[in-house]
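Chemist: Chain order of the listed sequences is G and P. According to my numbering, numbering within the first sequence proceeds without interruption in unit steps and concludes at 119. According to my numbering, numbering within the second sequence proceeds without interruption in unit steps and concludes at 119. Please see the structure below; I have some questions.
There are 2 protein chains.
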Amino acid sequence: MNSESAALDSAFMALADPVRRSIIARLSRGPATVNELAEPFEISKQAVSKHIQVLEQAELVTRSRDAQRRPVHLNPARLEALTAWIDRYRLVREAQFRSLDAVLRSNTADSGDQSSKES
Amino acid sequence: MNSESAALDSAFMALADPVRRSIIARLSRGPATVNELAEPFEISKQAVSKHIQVLEQAELVTRSRDAQRRPVHLNPARLEALTAWIDRYRLVREAQFRSLDAVLRSNTADSGDQSSKES
DNA sequence: AGATTGATAAACCAAAAGGTTGATTAGGAA
DNA sequence: TTCCTAATCAACCTTTTGGTTTATCAATCT
Numbered sequence: 001m002n003s004e005s006a007a008l009d010s011a012f013m014a015l016a017d018p019v020r021r022s023i024i025a026r027l028s029r030g031p032a033t034v035n036e037l038a039e040p041f042e043i044s045k046q047a048v049s050k051h052i053q054v055l056e057q058a059e060l061v062t063r064s065r066d067a068q069r070r071p072v073h074l075n076p077a078r079l080e081a082l083t084a085w086i087d088r089y090r091l092v093r094e095a096q097f098r099s100l101d102a103v104l105r106s107n108t109a110d111s112g113d114q115s116s117k118e119s
Numbered sequence: 001m002n003s004e005s006a007a008l009d010s011a012f013m014a015l016a017d018p019v020r021r022s023i024i025a026r027l028s029r030g031p032a033t034v035n036e037l038a039e040p041f042e043i044s045k046q047a048v049s050k051h052i053q054v055l056e057q058a059e060l061v062t063r064s065r066d067a068q069r070r071p072v073h074l075n076p077a078r079l080e081a082l083t084a085w086i087d088r089y090r091l092v093r094e095a096q097f098r099s100l101d102a103v104l105r106s107n108t109a110d111s112g113d114q115s116s117k118e119s
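Okay, here's the thing in structure tokens:
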């Protein structure tokens, strides 16, 4: 129960960084080594290594061994856990849309305010 | 291009906290005031107010006004943006699974590298 | 007006995140 | 052995996060 919360903590946190999301994007095209992953970025190789450790601790990636290299692989299962969390609220959101629709059809707005924003 | 990255930064970061995820869960059942949202937690009302500001800056929630109260509402659109990002890799992952299947059937120990794509 | 309620602002603090540089491990090749 | 390459570890620094407490704003009600 609470361990799932910690797993979501680390997974969402891991994705809250453009470098790490970019690493995920790269890995979706196949495994890569730390040096390969570090190449597009201006930060040091050590910094990228830390980012990979963050992703690994969140279990979004796994690692294997090939001589001195430690190739990084995407772990698809964890991404599913995130969509699963978000999907919990998808049905509820659709219900809210239906409620809003009902309100808009049956009633006029009360006070002047910025009721809805679109983006 | 980069503004979407910043939007994903703030949205993923906002969800990387159990209190804020719990607030999202609560709001999926309808709008609530800060006092109502703060009630289940042991932290101060000010701390919850800060959490809501984080969610608001990530545009995961919006606020309206009702006398002294400022009810918080869920903003479904932003959650969709997160699933959209994750879904980018769902198809790729399925392709990887198919590649793996092909490798297992042909039993050739070689890396199935894909052509390059950008995101 | 004054009091009350809901929510925020400001100042501050400890811990964590993200980065650096320098040293070190581990495996393979000369 | 010695050297080279891939990657990590360790120490350190700066900025951000998440929390507190005190004080303040804003709307409503006597």
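Glycine included, each C-beta is placed from N, C-alpha and C at the ideal position.
By alpha-carbon positions, which one of Gln46/G, Asn75/G, Ile23/G ends up nearest to Leu37/G?
Modeler: Minimum Cα distance to Leu37/G is reached at Ile23/G.
Chemist: Enumerate, from N- to C-terminal direction, the unbroken beta strand (DSSP E) stretches of 3 or more residues contained entirely within the stretch 21 to 75 of chain P.
Modeler: Whole beta strand (DSSP E) segments, 3+ residues: 61 to 63, 72 to 74.
Chemist: With a cut-off of 8 Å, does the C-beta of His24/P fall near any C-beta of chain G?
Modeler: At residue 24/P the sequence reads Ile, which differs from the His that was named. Yes - at least one Cβ of chain G is within 8 Å of the one on Ile24/P.
Chemist: Is there contact between the stretch 50 to 68 of chain P and the stretch 6 to 13 of chain P, where contact requires at least three CB pairs shorter than 8 Å?
Modeler: The stretch 50 to 68 of chain P is in contact with the stretch 6 to 13 of chain P.
Chemist: Would Pro40/P and Ser5/G be called neighbours here (beta carbons separated by less than 8 Å)?
Modeler: Contact flag unset, no.
Chemist: Does the beta-carbon distance from Ala32/G to Val72/G come in below 8 Å?
Modeler: Against a cut-off of 8 Å, the Cβ pair of Val72/G and Ala32/G comes out as a contact.
Chemist: Would Ile52/G count as contacting chain P if we go by Cβ distances under 8 Å?
Modeler: So, not an interface residue.
Chemist: Assign Arg88/P to one of three DSSP states: helix, strand, or coil.
Modeler: If DSSP states are grouped into helix, strand and coil, Arg88/P belongs with the helices.
Chemist: Is there a Cβ of chain P sitting closer than 8 Å to that of Pro40/G, yes or no?
Modeler: It does not; no Cβ of chain P falls within 8 Å.
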